[in-house]
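Residue numbers (the working numbering): 1489 to 1618. Below is one structure, written out as C-alpha cells; the observations come after it.
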Amino acid sequence: MTRAVLTWVLERLERGESVAMASVIEASGSVPGKPGARLALTLSGARFGTIGGAGLELKVEDALRGMLNGGRQQVREKGGRVETFVLYKDAKGEEVTPLDSLCGGRVTVAMEVMDPMPHVLIAGGGHVGR
C-alpha cells in the first residue's frame, strides 16, 4: 500500500497539485492503522490510502485539509506536524488528542504538505542563463 500511495502522491505533484500526507509512525494497543499506513489528499478533494478509517481518519483528514488551506507556512517552519491520538472513550491528556472510540489504543501520525516543484523559464541572450 505504501508504494501505491507514494506513486499517487508523485503523480499529483507532477500535475502541479499540492498534496498533504499522513503516515502512521507508531501504534500500540488495538488500533485500525498500523505503522506505515498512509493517507494522502489534495485541495480538490482527491484522496488515496487509509490510516485505519473511522473517527481517526476523519480527524486526520480535517487536519490535512487545514494544512493545505493556509496553515502551510506555519507547518513548513516547524517541519510538519506529529500528533498522537488516543482511541478510547473519555480519553484525556494534554499531549494527546482523545477520540471517542472503542479501539483502546494509541496512534501517532506524522502529517506534511508537499508542493510541486516550480518551473522557471529563463529567456534571453546566451549570457542570461549563466
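Yeah, the Cβ is synthetic: ideal placement off N, Cα and C, and Gly gets one too. All values derive from a computational prediction rather than experimental measurement.
In terms of alpha-carbon separation, which member of 1569, 1521, 1492 lies closest to residue 1540?
The residue labelled residue 1540 in the question sits at position 52 within the sequence shown. Of the candidates 1569, 1521, 1492, the one whose C-alpha sits nearest the C-alpha of residue 1540 is 1521.
Could you check the C-alpha separation between residue 1553 and residue 1609 for me, to the nearest Å?
As a position in the sequence shown, residue 1553 is number 65, starting the count at 1. As a position in the sequence shown, residue 1609 is number 121, starting the count at 1. Distance between the alpha carbons of residue 1553 and residue 1609: 31 Å.
Over the uninterrupted alpha helix (DSSP H) stretch that includes residue 1497, give me the two end residues.
Your numbering for residue 1497 matches position 9 in the sequence shown. From DSSP, the alpha helix (DSSP H) with residue 1497 extends over 1490-1502.
What's the C-alpha gap between residue 1533 and residue 1572?
What you label residue 1533 is simply residue 45 of the sequence shown in a count that begins at 1. What you label residue 1572 is simply residue 84 of the sequence shown in a count that begins at 1. Rounded to the nearest angstrom, the two C-alpha atoms are 24 Å apart.
8 Å contact criterion, which residue 1434 and residue 1593 should meet: CB distance rounded:
Missing from the structure shown is residue 1434; the chain here goes from 1489 to 1618 and no further.
Quick one: which unbroken beta strand (DSSP E) runs of 3-plus residues sit fully inside the region 1533-1558? Chain order, please.
1535-1537
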